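Residue numbering for the sequence shown follows the working numbering, starting at 16 and increasing by one per position. Contents: one structure, followed by commentary.
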Amino acid sequence: MLELAILGLLKERSMHGYELKKQLGQRLGFFWTVSFGSLYPTLKKLERRGFVEKLPNGEAASRRKHVYRITSSGEDEFLHLLEEGPSSAWEDDKFPLRLAFFGYLRPESRIRLLERRKQTLEERLVEGRRSLSAARRADTYTLSLMRHGVSVTEHDIAWLDELISAERAHLSGGEAAPDDAEPGERTQPTSPPK
Numbered sequence: 016m017l018e019l020a021i022l023g024l025l026k027e028r029s030m031h032g033y034e035l036k037k038q039l040g041q042r043l044g045f046f047w048t049v050s051f052g053s054l055y056p057t058l059k060k061l062e063r064r065g066f067v068e069k070l071p072n073g074e075a076a077s078r079r080k081h082v083y084r085i086t087s088s089g090e091d092e093f094l095h096l097l098e099e100g101p102s103s104a105w106e107d108d109k110f111p112l113r114l115a116f117f118g119y120l121r122p123e124s125r126i127r128l129l130e131r132r133k134q135t136l137e138e139r140l141v142e143g144r145r146s147l148s149a150a151r152r153a154d155t156y157t158l159s160l161m162r163h164g165v166s167v168t169e170h171d172i173a174w175l176d177e178l179i180s181a182e183r184a185h186l187s188g189g190e191a192a193p194d195d196a197e198p199g200e201r202t203q204p205t206s207p208p209k
């Protein structure tokens, strides 16, 4: 998932490693952190695969810092990771990372991915409710934690329903919008409901 974050930030502008880490912290730090120990090896891996490249020294802000930019194949990889990527990413805490870059997707793709996440949470909710009803003899703290998990999942499903409804309303409006740009172009995402 670090590859997705790096490629997504480099789509916006070229940066050196320290700046990338800072941007990751500012934009995604609420739900995800990264260390230099994982950032630089990932940058090197992306460079070896041809997804990022170092700017020539004359174009870099400093001769000592390597400034990276995304390549055209890196843009393709970014969209692939954003749309498809490993399915387990829809079942864990990495969903917010993907959502942070949803503005690059077409509305139809956003709806499909939001529905996929909603389905995962609905399955989790059924299991959580089943576990809660079976845990009659659990201690107070365990029961409280289980109720909290069910409540958070219900809230997340309601939030996803709002996002999906907003995307569908945008699509059915038939109006030309920035979202109708070609895939891979930066678009303004549909304003999420408040």
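C-beta: ideal position from N, C-alpha, C; glycine also. Remember, it's a predicted structure, so these values are computed and weren't measured experimentally.
Excluding the five sequence neighbours on either side, which residues of its own chain have a C-beta within less than 6 Å of the C-beta of residue i, listed in chain order?
i: Met16; result: Lys109, Leu112
i: Glu92; result: Phe66
Whole angstroms is fine: what's the gap from residue i's alpha carbon to residue j's?
i: Ala196; j: Arg121; result: For Ala196, the pLDDT reaches just 43, beneath the cut-off of 50, and the residue's location in the model is therefore unreliable, although a value from the coordinates is still provided. In a straight line, the C-alpha of Ala196 is about 8 Å away from that of Arg121.
i: Ser124; j: Arg152; result: 44 Å
i: Ser29; j: Pro71; result: 12 Å
i: Leu158; j: Glu142; result: 14 Å
i: Phe116; j: Val165; result: 27 Å
i: Lys133; j: Glu169; result: 10 Å
i: Val49; j: Leu39; result: 7 Å
i: Ala184; j: Lys59; result: 42 Å
i: Asp154; j: Ala20; result: 41 Å
i: Ala104; j: Arg63; result: The predicted model places Ala104 with a pLDDT of 48, which falls under 50 and marks its position as unreliable; any figure quoted below should be read in that light. C-alpha separation (whole angstroms): 24 Å.
i: Tyr156; j: Val167; result: 16 Å
i: Glu177; j: Lys80; result: 44 Å
i: Arg42; j: Arg84; result: 19 Å
i: Ala149; j: Gly44; result: 37 Å
i: Phe51; j: Leu160; result: 34 Å
Hey, is residue i's beta-carbon within less than 8 Å of any beta-carbon in chain E?
i: Asp91; result: Considering every chain present, this structure includes no chain E. It has just one protein chain.
Measure from the alpha carbon of residue i to the alpha carbon of each residue in the options, then state which is nearest.
i: Glu27; options: Glu90, Phe51, His185; result: Glu90
i: Tyr119; options: Leu94, Thr135, Glu138; result: Leu94
i: Leu13; options: Arg162, Asp154, Ser53, Leu136; result: Given that the chain is displayed from residue 16 to residue 209, the structure contains no residue 13 and the question cannot be resolved.
i: Leu140; options: Tyr156, Glu177, Gly52, Arg162; result: Arg162
i: Ile172; options: Gly188, Asp154, Glu138; result: Glu138
i: Arg131; options: Asp154, Arg145, Glu99; result: Glu99
Tell me which same chain residues have a C-beta within less than 8 Å of the C-beta of residue i, skipping the five on either side of it?
i: Phe186; result: It should be pointed out that residue 186 corresponds to Leu in this sequence rather than to Phe. Result list for Leu186: Pro122, Glu123, Ile126, in chain order.
With the cut-off set at 8 Å, would you say residue i and residue j are in Cβ contact?
i: Glu18; j: Leu114; result: no
i: Leu24; j: Phe66; result: no
i: Leu129; j: Ile179; result: yes
i: Gly32; j: Leu61; result: no
i: Thr86; j: Glu68; result: yes
Go ahead and label residue i buried or exposed: buried means 16 or more other beta carbons lie within 10 angstroms of its beta carbon, across all protein chains shown.
i: Glu182; result: buried
i: Lys37; result: exposed
i: Val82; result: buried
i: Leu35; result: buried
Sorted by chain position, which residues of the same chain lie with C-beta nearer than 7 Å to residue i's C-beta, five sequence neighbours on each side aside?
i: Leu144; result: First, the amino acid is wrong: residue 144 is Arg here, not Leu. Result list for Arg144: Val165, in chain order.
i: Ser88; result: Gly65, Phe66
i: Gly188; result: none
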